[in-house]
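Novice: Throughout, my numbering is defined as the position within the sequence shown, counted from one, plus 71. The beta carbon of each residue, even a glycine, is placed where N, CA and C say it ideally should be. Before I ask anything, let me first share the structure, which is written out below as structure tokens.
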Amino acid sequence: KSLSQGKVPSELKLAKIYPKYKGGAANEATSYRPISLISTFSKILERVTLNRLLSHLKQHNLLTNRQHGFIKDRSTTTAITQLIEVIIDKLEEGHIATSIFLDFSKAFDCLDHDLILKKLKSLGVIDKELKWFRSYLSNRKQVVEITHKENNTVMKVKSELLPMNRGVPQGSVLGPVLYILMTNDFPNYLRNHCDIVMYADDTALIVTNKNKNQLDIDSFVAYNMAKQYCQLNDLVLNDLKTQQLIFTPTPNQYHGLPEITTKYSQENILV
Numbered sequence: 072k073s074l075s076q077g078k079v080p081s082e083l084k085l086a087k088i089y090p091k092y093k094g095g096a097a098n099e100a101t102s103y104r105p106i107s108l109i110s111t112f113s114k115i116l117e118r119v120t121l122n123r124l125l126s127h128l129k130q131h132n133l134l135t136n137r138q139h140g141f142i143k144d145r146s147t148t149t150a151i152t153q154l155i156e157v158i159i160d161k162l163e164e165g166h167i168a169t170s171i172f173l174d175f176s177k178a179f180d181c182l183d184h185d186l187i188l189k190k191l192k193s194l195g196v197i198d199k200e201l202k203w204f205r206s207y208l209s210n211r212k213q214v215v216e217i218t219h220k221e222n223n224t225v226m227k228v229k230s231e232l233l234p235m236n237r238g239v240p241q242g243s244v245l246g247p248v249l250y251i252l253m254t255n256d257f258p259n260y261l262r263n264h265c266d267i268v269m270y271a272d273d274t275a276l277i278v279t280n281k282n283k284n285q286l287d288i289d290s291f292v293a294y295n296m297a298k299q300y301c302q303l304n305d306l307v308l309n310d311l312k313t314q315q316l317i318f319t320p321t322p323n324q325y326h327g328l329p330e331i332t333t334k335y336s337q338e339n340i341l342v
């Protein structure tokens, strides 16, 4: 009934958040990792929806072959294999290769819901199906629950209900897939500037050229085009954690890294 009416019951849009201490000052929110729990029935409904969505995407060949996360028969192994194959093929042609490993800040948490729906529509999700996803993302609530001990008495303390106005639901079945669909057009956006390999939000840009000076320029352009894409899609790049590697076919062929306006690792790898 939910799918036929394009509506998700409000009871299924509530998440309980349990903060898990991960180290640091106990009175700082950043010292805790939020663990989100949603109802089992909600996960069942999401699984049914996901199967229909993936069937549609596969039937019409809509998923980029550069994304390896949360897709059947793809994995970190296929992502690494693709990355290595692209680099080695270019090295055998006499190119120098550089790979820029992007780091996103809270990629799953900052996505705009209207933009997600726009991307779904571009992939052929329309009518009552699109209405269902709009209902699924809207008016979601979360409550933080902690266990408090005082005078040898253990009790549970809950916060007020808090709205979830951005991002995909943590701990959900659909959340990760909505993220990869949100960035499904990333490789096409960069097609004239670099190759790209993705595993969920882990993203590597691959730039190659036989000329070192031109590689420097191409790397700068590719990285800044990636930043432009992120600005258009509510993604935040973490410059301090973004890393870069150089791959050369012969030793001592390259000294120093291209300046791409980000902090990078000083690594020069001979393949």
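1) Return the Cβ separation of Asp305 and Leu182 in integer angstroms, given the expectation that the two are a contact with Cβ distance under 8 Å.
2) Would Leu188 and Leu201 qualify as a contact pair, given that the criterion is a beta-carbon distance under 8 Å?
3) Between Arg118 and chain D, is the shortest Cβ-Cβ distance under 8 Å, so that the two count as touching?
4) Cutting at 7 Å between CB atoms, please list the residues of its own chain near Leu249, excluding the five before and the five after it.
5) Taking the alpha helix (DSSP H) that Gln213 belongs to, which residues open and close that run?
6) Taking 6 Å as the limit between beta carbons, can you name the residues of its chain near Leu194, skipping five residues before and five after?
7) If you scan the segment 115 to 197 from start to end, which runs of the alpha helix (DSSP H) of 4 or more residues do you find wholly inside it?
8) Determine the DSSP secondary structure at Pro90, reduced to helix, strand or coil.
9) Rounded to whole angstroms, what is the Cα-Cα separation between Arg179 and Leu173?
10) What beta strand (DSSP E) runs, 3 residues minimum, are completely inside the segment 251 to 315?
Specialist: Walking through what the data contain:
1) By 1-based counting over the sequence shown, the position of residue 305 is 234. By 1-based counting over the sequence shown, the position of residue 182 is 111. About 6 Å separates the two Cβ atoms, so the contact holds.
2) For the purposes of this step, residue 188 is taken as the residue at position 117 of the sequence shown. For the purposes of this step, residue 201 is taken as the residue at position 130 of the sequence shown. Yes. Within cutoff.
3) Among the chains in the structure shown there is no chain D, since it carries only a single protein chain.
4) On the sequence shown, residue 249 is found 178 positions in, with the first residue counted as 1. Contacts found: Ile187 and Val239.
5) Residue numbering aside, residue 213 sits at position 142 when the sequence shown is read from its first letter. That residue, Gln213, is in no alpha helix (DSSP H); its beta strand (DSSP E) goes Arg211 to Glu221.
6) Walking along the sequence shown from the start, residue 194 turns up at place 123. The residues are Leu133.
7) 147 to 163 and 184 to 193
8) Residue mapping note: residue 90 aligns to position 19 of the sequence shown, counting from 1. Three-state DSSP puts Pro90 in a strand.
9) Reading the sequence shown from its first residue, position 108 is the one you call residue 179. Reading the sequence shown from its first residue, position 102 is the one you call residue 173. Reading the sequence as shown, one finds Phe at residue 179 and not Arg. Each residue's alpha carbon lies about 15 Å from the other.
10) 266 to 270 and 273 to 280
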